[in-house]
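Since the structure comes first, as structure tokens, the remarks are kept for the end.
Protein chains: 6
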Amino acid sequence: MAMVKRVEYETATPEVRAVFDDIMATRKTDWINNFWKVLASHPPTMMRMWENVKQVMAPGALDPLTKEMIYVAVSVTNNCEYCIHSHTAAARAKGMTDAQLAELLAVVGLANDTNRLANGYRIPVDPQFLPEHR
Amino acid sequence: MAMVKRVEYETATPEVRAVFDDIMATRKTDWINNFWKVLASHPPTMMRMWENVKQVMAPGALDPLTKEMIYVAVSVTNNCEYCIHSHTAAARAKGMTDAQLAELLAVVGLANDTNRLANGYRIPVDPQFLPEHR
Amino acid sequence: MAMVKRVEYETATPEVRAVFDDIMATRKTDWINNFWKVLASHPPTMMRMWENVKQVMAPGALDPLTKEMIYVAVSVTNNCEYCIHSHTAAARAKGMTDAQLAELLAVVGLANDTNRLANGYRIPVDPQFLPEHR
Amino acid sequence: MAMVKRVEYETATPEVRAVFDDIMATRKTDWINNFWKVLASHPPTMMRMWENVKQVMAPGALDPLTKEMIYVAVSVTNNCEYCIHSHTAAARAKGMTDAQLAELLAVVGLANDTNRLANGYRIPVDPQFLPEHR
Amino acid sequence: MAMVKRVEYETATPEVRAVFDDIMATRKTDWINNFWKVLASHPPTMMRMWENVKQVMAPGALDPLTKEMIYVAVSVTNNCEYCIHSHTAAARAKGMTDAQLAELLAVVGLANDTNRLANGYRIPVDPQFLPEHR
Amino acid sequence: MAMVKRVEYETATPEVRAVFDDIMATRKTDWINNFWKVLASHPPTMMRMWENVKQVMAPGALDPLTKEMIYVAVSVTNNCEYCIHSHTAAARAKGMTDAQLAELLAVVGLANDTNRLANGYRIPVDPQFLPEHR
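Residue numbers (our numbering), protein chains in the order written: chain A, 1 to 134; chain B, 1001 to 1134; chain C, 2001 to 2134; chain D, 3001 to 3134; chain E, 4001 to 4134; chain F, 5001 to 5134.
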């Protein structure tokens, strides 16, 4: 059970229901996942977070699948079970194959490894990598 | 200064120099960055990590730029200064634009936010997201 | 099941039972939670940690509810399921409302987001923020 | 140097300058810190993040000082140097004393400790702590 | 259920079965744990990771038990449930006692605490600790 | 500069000076590092943390060098610059060789990698690893 009561579509206030409708219309789905039902317990958070998600995850300079894979990479690094499942499912729905998932996780694992080698050895940044070098 | 002495190309043993040569040939560059110079202080680690990087970062089901951006996403989440600089530079060298960097960081930030909302509210995973549902 | 056997009040040694008694007296409760039963498997750790908790969580320059909310903020950031549940329950027992929980989690989420924007963009600290500026 | 060029007030576009003005008016200050100058390099991110900060950090069920201290707790746990400095300075400006800072950091440290004891021992959550128990 | 289908010994390809055989021979066991069954869904990852584990965890300048305890320390800090269980079991199989586990977790907890005190107070590194001081 | 003023031995109160003396006597050194000088700004924290460090890091079921290496493993995973330097120096003072440091960091890196593979693939814990199986 979540920390607070989930809000179901049927019993939602009109303003929350409008966000539920926008989520389903934007995603072309006919159901609402628990993340939004739980956030709906505090409408200002729900409305604010939906504005964030809608803007950030929209197609732009990066395509939606790439964005979902970046989302998975962060969620795996932080070990957020809910987000790993929801965004892996979203990435698969956008076309991610088993081979792409395997390569994504391989990069995530390797980056977590070399991050610690760089930190543990206190490796100084090469001047060639600094933004002023561009 | 790093925790251990860096190994320079000129004074490297033949086996380490061979890895330096392979790194430069694979990357089509004419210099070696500090990460490899420091790891060369322990040749088994250097050789092992280079095999990992060469295999994982090669083009495959994911293209090299996507892989670099995933690397940046992990490094930013963990706050590894060296890796943020080196992999942002690598992503730029592979064509990442300022707009793509901005969207990448926006997704990384948002994922770090919603990871905590999901964890803090203990949101149960929707059955529709589970792998057995596919 | 925990990694080690929990120690129950009935079968505890006198020295462990004295800590159990102090925990219940300090908290004005009549039961011991699993955290202390598990730690009691190694009495030096149990006694040391109870001294820490008793000192750090006592009313002082910060009130007990604020301290509990800070505890929740850390536990959510680290995704410690046990600690999220135990300290959210403790904060509610000290008066935290649903609205306060929602705002607490909103701040935690946002801070996790902007932490990564600051790190990813490598934003230099403004001199006005440094302690020597005070 | 940051990853991208900072935008200064004098050379900002009207839409970015309007956000700068709103930041200074809301905070009753006469300068803009680097966080917003860097984010201004990507106006959609800057405008979106300012809306988030303005809503989340406004007085509500929690007072502004408590919110700043929660922000510091997260930033310290994640080790974001920029955010530790900027939000500690903000908390001090809202009245945080040295004693309160010391107690805040003591709670943050202790929570990071017990989070690992709970995780390492795999301590099962007591049913009394679950939300359904309320 | 894992994100991908586990590969069982009976239905594995010859190349995957050869790795399974090497894992069991190296560890002197007669069963394969889920980690390798899941990784076997992507043979290049499985073979690469086994090479890493075999090299890194072999006796060397550090003995195998010390290596397992370091593995546990990292896994507890990151809260990886699978790895905490598998490497605590491995450390016990190599002789770790309950008292050693308790001291290991006490150090892990304390280090997570003082890491945040050092970061939160922004304590400058003493020159005596720098590698150039040796 | 640290967030608060460091306390120097010469100007310390008698109670703080007594802790400084105990630190130097216990460690057989003739100087105090910045960690304790900064913590001395809040004597209850300083005295409490020194009791923790003295108890946890004393020889016991684990030897002091193993404890220092576990401390380094945690500090590297969390990227605490101060703690990486201070505890690597302490481990070297207790006899850690370059080869041992290299193997320690290799294990830390690998564990950070496999932690994410286990989390990303959501690998179920094998019953053989559970404590009830012992």
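Ideal Cβ positions, reconstructed from N, Cα and C, are used throughout, including at glycine.
Keep in mind the model is a prediction, meaning the values are calculated, not measured.
For Arg-2122(C), the nearest beta carbon of chain D is closer than 9 Å to its own beta carbon.
DSSP places Ser-2075(C) inside the alpha helix (DSSP H), whose first and last residues are 2064–2078. Taking the CA atoms as reference points, Val-3007(D) sits about 22 Å from Leu-2130(C). With fewer than 16 other Cβ atoms from the protein chains shown falling within 10 Å of its own Cβ, Ala-1025(B) counts as exposed. Under a criterion of Cβ atoms nearer than 9 Å, the residues of chain C adjacent to Leu-4101(E) are, in order, Met-2003, Val-2004, His-2042. Comparing alpha-carbon positions, the option among Cys-3083(D), Glu-3132(D), Gly-3060(D) lying closest to His-2085(C) turns out to be Glu-3132(D). Taking 9 Å as the threshold, the shortest C-beta distance from Pro-5131(F) to chain C falls below it. Within chain B, the residues placing a beta-carbon under 8 Å from that of Asn-3078(D) are Asn-1079, ordered along the chain. For Ser-86(A), the enclosing alpha helix (DSSP H) starts and ends at 81–93. Where Leu-39(A) is concerned, the enclosing alpha helix (DSSP H) starts and stops at 34–39. A straight-line Cα-Cα distance of about 14 Å links Asp-5030(F) and Ala-5018(F).
Using beta-carbon distances, Thr-5026(F) does not count as an interface residue toward chain B, since no partner is under 9 Å. Contacts with chain E at 9 Å (Cβ-Cβ) include Tyr-5071(F). Distances from the CA of Leu-3062(D) to each of Met-2069(C), Pro-2059(C), Glu-2015(C), Asn-2115(C) were compared; the closest alpha carbon is that of Met-2069(C). If you look at Thr-5114(F), you'll find it in the alpha helix (DSSP H) that goes 5098–5120.
Rounded to the nearest angstrom, the Cβ distance from Gly-2120(C) to Val-1108(B) is 6 Å, consistent with a contact under 8 Å.
The C-beta distance from Asn-34(A) to Pro-1124(B) rounds to 6 Å, short enough to meet the 8 Å contact threshold.
Residues of chain D whose Cβ lies closer than 8 Å to the Cβ of Gln-55(A) are, in chain order, Pro-3044, Arg-3048.
The three-state secondary structure of Asp-3022(D), taken from DSSP, is helix. The three-state secondary structure of Met-5057(F), taken from DSSP, is helix.
The beta carbon of Leu-1105(B) falls within 9 Å of a beta carbon belonging to chain D, placing the residue at that interface.
Take Trp-50(A), set aside five residues on each side of it, and the residues of its chain with a beta-carbon closer than 6 Å to its own are Val-19, in chain order. At a cut-off of 9 Å between C-beta atoms, Asn-3052(D) counts as an interface residue with respect to chain A. Under the criterion of beta carbons closer than 8 Å, Ala-4058(E) and Leu-4104(E) do not qualify as touching, at roughly 21 Å. Under the three-state reduction of DSSP output, Thr-1011(B) falls in the helix class. Exposure of Met-3001(D) is indicated by the presence of fewer than 16 other C-beta atoms within 10 angstroms of its C-beta. Neighbours of Val-3007(D) across chain C, judged by C-beta separation under 7 Å, do not exist; the nearest C-beta is about 12 Å away.
Gly-95(A) has a beta carbon lying at 9 Å or more from every beta carbon in chain B. As the crow flies, the alpha-carbon of Val-2004(C) is around 30 Å from that of Asp-113(A). In this structure, Val-5038(F) is the residue among Tyr-5009(F), Asp-5022(F), Ala-5012(F), Val-5038(F) with its C-alpha nearest to the C-alpha of Tyr-5082(F). Under the criterion of beta carbons closer than 8 Å, Ala-2102(C) and His-42(A) qualify as touching, at roughly 4 Å. In this structure Ala-1093(B) is exposed. Its beta-carbon is surrounded by fewer than 16 other beta-carbon atoms within 10 angstroms.
Ala-5061(F) has a beta carbon lying within less than 9 Å of a beta carbon in chain E. Taking 9 Å as the threshold, the shortest C-beta distance from Thr-4088(E) to chain C falls below it. The contact set of Asp-113(A) on chain F, defined by CB atoms closer than 8 Å, consists of Gly-5109, Leu-5110, Asn-5112, Asp-5113 in chain order. Annotation: Val-4016(E) to Lys-4054(E) spans about 16 Å, alpha carbon to alpha carbon.
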